[in-house]
Amino acid sequence: MAIKPRIKLPKTAAIDEVVTVKTLLTHRMESGRRRDPDTDEIIPRMIVHTFEATFNGRPVVTFKPEGAVSENPYFAFSLKVPEAGELTCVWTDDEGEVFEGSKSIEIA
Amino acid sequence: MNLSRRRALALGGAVVTVSLVPVSMAFALTEETQGVIDAFTGGAAVAEGGVTLIMPELAENGGAVPMTVAAPGAVSIVIVADGNPRPEVITFNFEELSGNSEASTRIRLAQTQSVIAVAEMADGSFASTSVEVSVTLGGCG
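Going line by line, the protein sequences match chains P and U.
Going by my numbering, the residue at position 39 of the first sequence is 39; the numbering climbs one at a time, nothing skipped.
Going by my numbering, the residue at position 21 of the second sequence is 129; the numbering climbs one at a time, nothing skipped.
Listed below in structure tokens is the structure:
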């Protein structure tokens, strides 16, 4: 059972305020460069190749990691809050597995 | 995100650079690294100024080296590691509701090397900067 991705976002913001978003996903990010110690075979690459954040369906950022991004990928970026709503983050890996998380923010 | 001095120091003796020299002339990059950069820029001139890359001077664990990059007005920033088996590290694309062109992550560095950030600005121009990171224990890049 996959561990839920973590998204940190302030609970409230003013309209047009720029807030910091921090995200963390549990994922091996197998770089494709390691050898199995017993068989000496290369362990195939299996990483998150795309990270997309949207807010109320509108794009915020898209990141394209390679094998050199660390295990349990951490991404921080900023969001300009247009209105109350929901930030959705989607991570997609080489096996096509999709991890998703959302966090709401209100206007204060 | 606040790139204050306190935050830079909190990264453990971080190095902050602002680009001063076009990336292809500043120091000898491997052919592969230059190729990755040229693919991103289409071979266009890469200007000085406007990109900040914060990384520790010394990384004890090459498997998870923190980095923050900022380039006001950039639509995209590419990070390449000149001493890794493959230079490409990550591409950051900043879209409609992004608050600024800043991002942080943690990366793997196989050995002591230069890390280069190349930013594409909204007007189609390019700028870059680089930092030298000493790595005690190499991480799987």
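Glycine included, each C-beta is placed from N, C-alpha and C at the ideal position.
Quick check: the Cα distance between T244 (chain U) and P82 (chain P), rounded to an integer number of angstroms?
44 Å
I'd like to check one pair, G170 (chain U) with G232 (chain U): are the Cβ atoms closer than 7 Å?
no
Quick check on the burial criterion: 16 or more other C-beta atoms within 10 angstroms. Buried or exposed for L128 (chain U)?
For L128 (chain U), the predicted model reports a pLDDT of 42, less than 50, meaning its position is unreliable and no value from the coordinates is stated.
For the region 20–84 of chain P, list the alpha helix (DSSP H) runs that are entirely contained and at least 4 residues long, ordered along the chain.
none
Within-7 Å CB hit, F148 (chain U) to chain P:
no
Taking Cβ positions only, does K80 (chain P) come closer than 7 Å to chain U?
yes
I want to see whether chain P comes within less than 7 Å of S212 (chain U), judged by CB atoms only; does it?
yes
Please confirm whether S78 (chain P) and R214 (chain U) have their CB atoms less than 7 Å apart.
no
Within 10 Å of its beta-carbon, does G191 (chain U) have 16 or more other beta-carbons around it, so buried, or fewer, so exposed?
buried
May I have the straight-line CA-CA distance separating A202 (chain U) from V154 (chain U), to the nearest angstrom?
A quick correction: the sequence has Phe, not Ala, at residue 202 (chain U). Rounded to whole angstroms, F202 (chain U) to V154 (chain U) spans 19 Å at the Cα level.
Could you tell me which chain U residues have their CB closer than 7 Å to the CB of K64 (chain P), listed as they occur along the chain?
I198, T199
Can you check whether the CB of F148 (chain U) is closer than 7 Å to the CB of V177 (chain U)?
no
With H, G and I counted as helix, E and B as strand and the rest as coil, what does DSSP make of Q221 (chain U)?
strand
Note the first and the last residue of the continuous alpha helix (DSSP H) segment covering A147 (chain U).
139–149
List, in chain order, every chain A residue whose beta-carbon is nearer than 7 Å to that of E204 (chain U).
Among the protein chains in the structure shown, which are P and U, there is no chain A.
Is S242 (chain U) helix, strand or coil by DSSP?
strand
Checking 7 Å against the spacing of the C-beta atoms, do A136 (chain U) and V241 (chain U) come in under that value?
no
Contacts that G143 (chain U) makes with chain P (C-beta to C-beta distance below 9 Å)
Neighbours of G143 (chain U) on chain P: none; closest Cβ ~15 Å, over 9 Å.
Once you ignore the five residues that flank T23 (chain P) on each side, which residues in its own chain have a CB closer than 6 Å to its CB?
I7, F75, C89
Interface flag, V109 (chain P) vs chain U, CB-CB below 7 Å:
Examination of residue 109 (chain P) is not possible in this model, given that chain P is present from 1 through 108 alone.
Looking at L9 (chain P): is its Cβ nearer than 7 Å to the Cβ of I107 (chain P)?
no
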